[in-house]
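Participant: Under the working numbering, think of the first position of the sequence shown as 2, with each following residue one higher.
Below is one structure. I have some questions about it.
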Amino acid sequence: MELKITCIPGDGIGPEIIGEAKKVLDKVAVKYGHVMNYTDVLMGGASIDVHGVPLTDEAIETAKAADAVLMGSIGGDTTKSPWYQLPPHLRPEAGLLKIRKALNLFANLRPAVLYEELAGACPLKEEISAAGFDMMIMRELTGGLYFGERKTIEENGVRKAIDTLTYDENEIRRIAIKGFDIAMKRRKKVTSVDKANVLDSSRLWRNVVIEVAKDYPEVTLEHMLVDNCAMQLVKDPAQFDVILTENMFGDILSDEASMVTGSIGMLASASLNDTKFGLYEPSHGSAPDIAGQNIANPIATILSAAMMLRYTFDLDKEAESIENAVKQVLKDGYRTGDIMSEGCTKVSCSQMGDLLVERI
Ligand code: IPM
Ligand code: MG
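Listed below in structure tokens is the structure:
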């Protein structure tokens, strides 16, 4: 089949890791008889430098015309880059928020897995990490605080900033349904995370999740307050299967979960709407400090490409071939700098890409 993919290399290490992901996808295409049709567009700082805005309408149209978007990373050093002297709506991150909204990508899937070969990188005590863990954080991505009305005003000489957190029941229901659907394909447990002891939006969240759960009698549902969840993630991560939560809680908890794996350079993500369309990107950022040195870990992006094959194109076998290549390369002892440990062979970003291509 022909796969129409819009690529957003973005900023920092983005272009390097997208280059490696394309290499791997091209090998999959040859092996399984597909055609990869890529169109590159600019987003983030790269777009600001050329167009003066972090995302143009043309770029959105190009993305919409494709089956899926594969993204590297966007943004720069917030203390040094001139992009952060611009008004907030013109900064790199505004491009990312805009594309999520424009493509209605309300469901963000962020798997956090402890790889056996990388268990040594897990910062938790061995008695905790020994149990292993494999969770999927389902983050609502187009509502809540990040998209509510915001303003900064001055009242009686005092500056005051206001952000609004709103959810309607439909926004909650559609992400909850996705969360339960995914749980059905996993270990059939959903932990819905909220702050229902304080927030109205969380109380509505909890009620709607309980309603949705009625259609999934096989799935065990539990509710957890977000502050407790932050603790449980380091105390007993093995208890989690699907964590279902709103936008800001998901932003924070997914960073925590990825850190707990000890290998954020390995973690993929998918952002989906209610069709097969999706935007796939690594869970990590643009790492401007190591950009252009060919030392970044491309595996998270390559695993995001595998998620793309599975969720958008229903190419499970092809997705597995990538995932197996990653496992094999780790078994064979190859590591990029971020996951390097004694006795392994340190390789560059492009060498890692080549090693994976060889194993597909
Ligand atoms: C993420 C990032 C973004 C977010 C930023 C860059 C706007 O932190 O994808 O988690 O908060 O959603
Ligand atoms: Mg984040």
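Heads up, the beta-carbon is just placed ideally off N, CA and C, and yes, glycines get one too.
A quick note: this is a predicted structure, and the numbers were derived from the prediction, not measured.
1. For G20, which of helix, strand or coil comes out of DSSP?
2. Between the alpha carbons of K186 and D41, how many angstroms are there, rounded?
3. With the cut-off set at 8 Å, would you say P299 and M353 are in Cβ contact?
4. Over what stretch of residues does the beta strand (DSSP E) that includes S193 continue unbroken?
5. Tell me the rounded alpha-carbon separation between A103 and G344.
6. Given that a residue counts as buried once 16 or more other Cβ atoms are within 10 Å of its Cβ, and exposed if not, what is D242?
7. Below 6 Å CB to CB, which residues in the same chain sit around A271 once its five sequence neighbours on both sides are set aside?
8. Distance, Cα to Cα, E172 vs D333?
9. Taking 7 Å as the cut-off, does the CB of D78 come closer than this to any heavy atom belonging to the ligand IPM?
10. Would you mind listing the alpha helix (DSSP H) stretches within the stretch 283–328 that are 4+ residues and don't spill past its ends, in chain order?
11. Leaving aside the five residues before and after S193 along the sequence, list all residues of the same chain whose C-beta is less than 6 Å from its C-beta, in chain order.
12. Below 8 Å, how does it come out for the stretch 2–14 and the stretch 38–54: are there three or more Cβ pairs, yes or no?
13. State yes or no: is the C-beta of V97 nearer than 7 Å to some heavy atom of the ligand IPM?
14. State yes or no: is the C-beta of N105 within less than 8 Å of the C-beta of T63?
15. Buried or exposed: which applies to I154, given that a residue is buried once 16 or more other Cβ atoms fall within 10 Å of its Cβ?
16. Should T337 be labelled buried (16 or more other beta-carbon atoms within 10 Å of its own) or exposed?
17. Does the Cβ of D237 lie closer than 7 Å to at least one heavy atom of the ligand IPM?
18. Looking only at its own chain, which residues have a Cβ that is under 6 Å from the Cβ of P10, when we skip the five neighbours before and after it?
19. Can you tell me the Cα-Cα spacing of Y168 and G76, whole angstroms?
20. Round the Cβ separation of L71 and C8 to the nearest angstrom and send it over; I've been treating them as touching at under 8 Å.
21. Check the C-beta distance from A108 over to K179 and give it rounded, since I have them as a contact under 8 Å.
22. For R188 and E247, I'd like the C-alpha separation in whole angstroms.
23. In this structure, does DSSP put K99 in helix, strand or coil?
24. Quick check on V70: does DSSP put it in helix, strand or coil?
25. Tell me which same chain residues have a C-beta within less than 8 Å of the C-beta of I323, skipping the five on either side of it?
26. Which residues bound the alpha helix (DSSP H) around L234?
27. Taking T167 as part of the alpha helix (DSSP H), name the residues at either end of that continuous run.
28. Looking at I49 and P55, is the spacing between their C-beta atoms short of 8 Å?
29. Identify the residues that DSSP records as bridge partners of S270: which are they?
30. Please confirm whether R140 has its beta-carbon closer than 8 Å to some beta-carbon of chain D.
31. Return helix, strand or coil for D41, following the three-state DSSP convention.
32. Would you call the stretch 130–144 and the stretch 112–122 touching, i.e. three or more CB-CB distances under 8 Å?
33. Report yes if the C-beta of E17 is less than 7 Å from at least one heavy atom of the ligand IPM; otherwise report no.
34. Quick one: what's L110 bridged to in DSSP?
35. Between which two residues does the alpha helix (DSSP H) harbouring G354 extend?
36. Using the C-alpha atoms, what's the distance from H52 back to G321?
Facilitator: To lay it out plainly:
1. Working through the sequence shown from its first residue, we reach residue 20 at position 19. Reduced to three states, the DSSP call for G20 is helix.
2. Counting from 1 along the sequence shown, the entry for residue 186 is found at position 185. Counting from 1 along the sequence shown, the entry for residue 41 is found at position 40. A direct Cα-to-Cα measurement between K186 and D41 gives close to 33 Å.
3. Mapped onto the sequence shown, residue 299 falls at position 298. Mapped onto the sequence shown, residue 353 falls at position 352. Taking 8 Å as the cut-off, the beta carbon of P299 is found closer than this to the beta carbon of M353.
4. As a first step, residue 193 must be located in the sequence shown, where it is residue number 192. K190 to D195 is the span of the beta strand (DSSP E), which, as asked, contains S193.
5. Stepping through the sequence shown from its first residue, residue 103 is reached at position 102. Stepping through the sequence shown from its first residue, residue 344 is reached at position 343. Going from the Cα of A103 to the Cα of G344 covers about 47 Å.
6. In the sequence shown, residue 242 corresponds to position 241, counting from 1. Flag for D242 reads buried.
7. Residue 271 sits at position 270 when you count from the first residue of the sequence shown. Around A271: L110, G279, Y281, M308 and Y312.
8. On the sequence shown, residue 172 is found 171 positions in, with the first residue counted as 1. On the sequence shown, residue 333 is found 332 positions in, with the first residue counted as 1. Spanning the two alpha carbons is a distance of roughly 45 Å.
9. Here the question's residue 78 lines up with position 77 in the sequence shown. Taking 7 Å as the cut-off, the C-beta of D78 does not count as close to any heavy atom of the ligand IPM.
10. 300–312
11. In the sequence shown, counting from the first residue as 1, residue 193 sits at position 192. Answer for S193: V210, H224 and L245, listed in chain order.
12. yes
13. As a position in the sequence shown, residue 97 is number 96, starting the count at 1. A small fix is needed here, since residue 97 is Leu in this sequence, not Val. Checking the Cβ of L97 against the ligand IPM gives yes.
14. On the sequence shown, position 104 is the one that residue 105 refers to. On the sequence shown, position 62 is the one that residue 63 refers to. No, Cβ-Cβ distance for N105 and T63 is not below 8 Å.
15. The residue you call residue 154 lines up with position 153 of the sequence shown. It is exposed - the Cβ of I154 has fewer than 16 other Cβ atoms within 10 Å.
16. Taking the first residue of the sequence shown as 1, we reach residue 337 at position 336. With 16 or more other Cβ atoms within 10 Å, it is buried.
17. Translated into positions along the sequence shown, residue 237 becomes position 236. D237: no, Cβ never under 7 Å from the ligand IPM.
18. As a working note, residue 10 is residue 9 in the sequence shown. P16, I19 and G73, listed in sequence order.
19. Here residue 168 refers to the residue found at position 167 of the sequence shown. Here residue 76 refers to the residue found at position 75 of the sequence shown. Cα to Cα, Y168 sits roughly 28 Å from G76.
20. Counted from its first residue, the sequence shown places residue 71 at position 70. Counted from its first residue, the sequence shown places residue 8 at position 7. The Cβ separation is near 5 Å, so the contact holds.
21. Taking the first residue of the sequence shown as 1, we reach residue 108 at position 107. Taking the first residue of the sequence shown as 1, we reach residue 179 at position 178. 4 Å between Cβ atoms; contact.
22. In the sequence shown, the residue the question calls residue 188 occupies position 187. In the sequence shown, the residue the question calls residue 247 occupies position 246. One C-alpha to the other measures close to 21 Å.
23. As a working note, residue 99 is residue 98 in the sequence shown. Helix, per DSSP.
24. Taking the first residue of the sequence shown as 1, we reach residue 70 at position 69. V70: strand per DSSP, three-state reduction.
25. Counting from 1 along the sequence shown, the entry for residue 323 is found at position 322. So the qualifying residues of the chain are V25, V29, I303, L304, A306, A307, L310, L357 and I361.
26. The residue labelled residue 234 in the question sits at position 233 within the sequence shown. Where L234 is concerned, the enclosing alpha helix (DSSP H) stretches over V227 to K236.
27. Here residue 167 refers to the residue found at position 166 of the sequence shown. That residue, T167, is in no alpha helix (DSSP H); it is neither H nor E in DSSP.
28. Locating residue 55 in the sequence shown gives position 54, where the first residue counts as 1. Locating residue 49 in the sequence shown gives position 48, where the first residue counts as 1. It is a contact, given that the beta carbons lie within the stated cut-off.
29. Residue numbering aside, residue 270 sits at position 269 when the sequence shown is read from its first letter. Answer is E282, bridged to S270.
30. Judged by its chain identifiers, the structure shown contains no chain D, having just a single protein chain.
31. One-based indexing of the sequence shown puts residue 41 at position 40. Strand, per DSSP.
32. yes
33. As a working mapping, residue 17 is identified with position 16 in the sequence shown. It does not: the Cβ of E17 is nowhere closer than 7 Å to a heavy atom of the ligand IPM.
34. Translated into positions along the sequence shown, residue 110 becomes position 109. Beta-bridge pairing links L110 to M139 and A271.
35. As a position in the sequence shown, residue 354 is number 353, starting the count at 1. C350 to E359 is the span of the alpha helix (DSSP H), which, as asked, contains G354.
36. Reading the sequence shown from its first residue, position 320 is the one you call residue 321. Reading the sequence shown from its first residue, position 51 is the one you call residue 52. Contrary to the premise, residue 321 reads as Glu rather than Gly in this sequence. For E321 and H52, the gap between their C-alpha atoms comes out near 39 Å.
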